[in-house]
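Heads up: the sequence shown is residues 0 to 335, going by numbering that gives the first Met the number 0.
Virtual Cβ for every residue (Gly too), placed ideally from N, Cα, C.
Please read all numbers here as calculations on a predicted model, not as lab measurements.
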Amino acid sequence: MGEHGRVIQLGNGAQNALVHLIAGPQVAVVTAAHIIYVGKVALLLIAANAIKHRASVLTVPLRNVHVRINDGGHGIILLQHFWISIPPLSPDCNTRANKKRHCLFTFLPLRGMMIRRIGCDGMRPYYLFDFDGTLVDSMPTFVRSMLRILDENGVPYDDELIKTITPLGLNGTADYYLNTLGLQMTKEQLVTMMSQYMLDAYFYTIPAKPHVVSVLKELKRQGTSLNVLTASPHITLDACLKRLGLWELFDNIWSCDDFHTTKADPLIYAMAAERLHAKVEEVLFLDDNLHADTVAKSAGMPVCGVYDDSSADFIEEIKAVTDYYITDFEELLRLP
């Protein structure tokens, strides 16, 4: 299918931008514009009185169209495999708070294609969040449940256990308990027991960490792509995100089970970036776990460590392997 379309996000401050839509002999000049995102569709919002074109509607395939944005040196952007439709200038156009009429250029990807997001003014286009201990305060529940199983069966463990098993997911943790710690039961029995111990808490009580909801909503408003990659299974992950009102904010919600591997495997980060149609270095990974942060960094992702009580003993180690470290989610909006 060729290259993905490339879209510059101008932002709200681009009111003096000059946009040329050039399709052979047809040219539309827009004197004020900015691009917003609605899901995976990019909308070029323009002032209705800023369009200078003889026809009321211009519909062309963008395979051979250049979009030149003259707002201080963005240069020429070539969008491929997209269609653009300029609607008629009519009173039906959207009305904004400033009472000016606006119309929308809608960039719709053809089947199998995605819009490639390019941040501007330091904005990061892709975020990949851990779940437990990063978005929600679930680590105490996880720790109690995992240790309870070993305690009930008289299996000894060391102080490093939680750091070791957190990135593994239930299946990986079950393998570790059975193959390394020597727990005597079937894997099916063990995974079922783990799920039962944790299920009620995820369904009814586990809260979002402070400022997570407001920060995610702000990042979403800015047009960034929000995604989850967690060791938790979908049965607990999905229920908890929906209860907290976070489900709709994410473009993708992945359990490690969806990749048939764990966050201890560097390949999972490359696979996640591939599914986002992004480069690994374009995706900021956020996790409270030292081992997951270390592996993600080794895979080439920029990494932001996140404070959680469960990893408080490893703050300096996490800072040493990550690009950023936050103790409160609001700090995420101020990262350089």
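Point to revise | Contiguous beta strand (DSSP E) assignments of at least 3 residues, all confined to the segment 301–334 | key: 302–305 and 323–325
**Study point:** Between the CA atoms of residue 180 and residue 200 - distance to the nearest angstrom
**Key:** 26 Å
Practice item. Pull up the CB-CB distance for residue 173 and residue 189, whole angstroms please, since I reckon it's below 8 Å. Key: 5 Å
Exercise for review: Compute the Euclidean distance between the alpha carbons of residue 182 and residue 335, then round it to the nearest angstrom.
Suggested key: 46 Å
Check your understanding: Does the Cβ of residue 291 have 16 or more other Cβ atoms within 10 Å, making it buried, or fewer, making it exposed?
Key -> buried
**Study point:** Boundaries (first-last residue) of the beta strand (DSSP E) holding residue 226
**Key:** 224–229
Practice item. Output the distance between the C-alpha atoms of residue 160 and residue 270, rounded to the nearest integer angstrom. Key: 27 Å
Practice item. Would you mind working out which of 252, 231 and 321 sits nearest residue 283, comparing C-alpha positions? Key: 321
Point to revise | residue 249, DSSP secondary structure in three states | key: coil
Check your understanding: Whole-angstrom Cβ separation of residue 239 and residue 135, contact assumed at under 8 Å?
Key -> 6 Å
Point to revise | Backbone CA spacing between residue 163 and residue 244 [nearest angstrom] | key: 30 Å
**Study point:** Counterpart residues of residue 254 in DSSP-defined beta bridges
**Key:** 229
Point to revise | Sequence-distant residues of the same chain with beta carbon closer than 8 Å to residue 308, five excluded per side | key: 138 and 139
Practice item. Compute the Euclidean distance between the alpha carbons of residue 178 and residue 302, then round it to the nearest angstrom. Key: 31 Å
Check your understanding: What is the residue span of the alpha helix (DSSP H) that residue 176 lies within?
Key -> 168–178
Review point. Got a sec, what are the start and stop residues for the alpha helix (DSSP H) residue 203 sits in?
Key: 186–203
Practice item. Would you grab the beta carbon distance between residue 130 and residue 260 for me? Rounded to a whole angstrom, and I think it's under 8 Å. Key: Not really, about 17 Å apart at Cβ, beyond 8 Å.
Check your understanding: In three-state DSSP terms, what is residue 157?
Key -> coil
**Study point:** Residue interval of the beta strand (DSSP E) (run including residue 283)
**Key:** 282–286
Review point. Opposite residue 135 in the DSSP bridges: which residues?
Key: 131 and 207
Review point. Skipping 5 residues on each side, what residues in its chain have a beta carbon closer than 6 Å to that of residue 275?
Key: 125
Review point. Nearest CA to the CA of residue 318: which residue from 328, 296, 257 and 211?
Key: 296
Check your understanding: Relative to the C-alpha of residue 241, which residue among 205, 325, 132 and 166 is closest?
Key -> 205
Point to revise | Euclidean distance between Cα positions of residue 252 and residue 226 | key: 6 Å
Check your understanding: Leaving out the 5 sequence neighbours to the left and right, which residues in its chain are closer than 8 Å to residue 212 when beta-carbon positions are compared?
Key -> 243, 244 and 245
Check your understanding: Should residue 153 go down as buried or exposed, given a rule of 16 or more other Cβ atoms within 10 Å for buried?
Key -> exposed
Check your understanding: According to the neighbour-count rule (16 or more other Cβ atoms, all chains shown, within 10 Å of its Cβ), is residue 281 buried or exposed?
Key -> buried
Exercise for review: Provide the residue(s) that pair with residue 125 in DSSP beta bridges, ordered along the chain.
Suggested key: 224 and 282
Check your understanding: Do residue 304 and residue 285 come within 9 Å of each other at the CB atom, strictly closer than that value?
Key -> yes
Review point. Along the chain, where does the alpha helix (DSSP H) that runs through residue 260 open and close?
Key: Unbroken run through residue 260: none, as it is neither H nor E.
Review point. Going by beta carbon distance, what residues of the same chain come within less than 7 Å of residue 329, once the five residues before and after it are set aside?
Key: 210 and 214
Exercise for review: Specify the secondary structure class of residue 290 as computed by DSSP and reduced to three states.
Suggested key: helix
**Study point:** Residue range of the unbroken alpha helix (DSSP H) whose run includes residue 269
**Key:** 266–274
Exercise for review: Check whether the Cβ atoms of residue 192 and residue 148 sit closer than 9 Å, and answer yes or no.
Suggested key: yes
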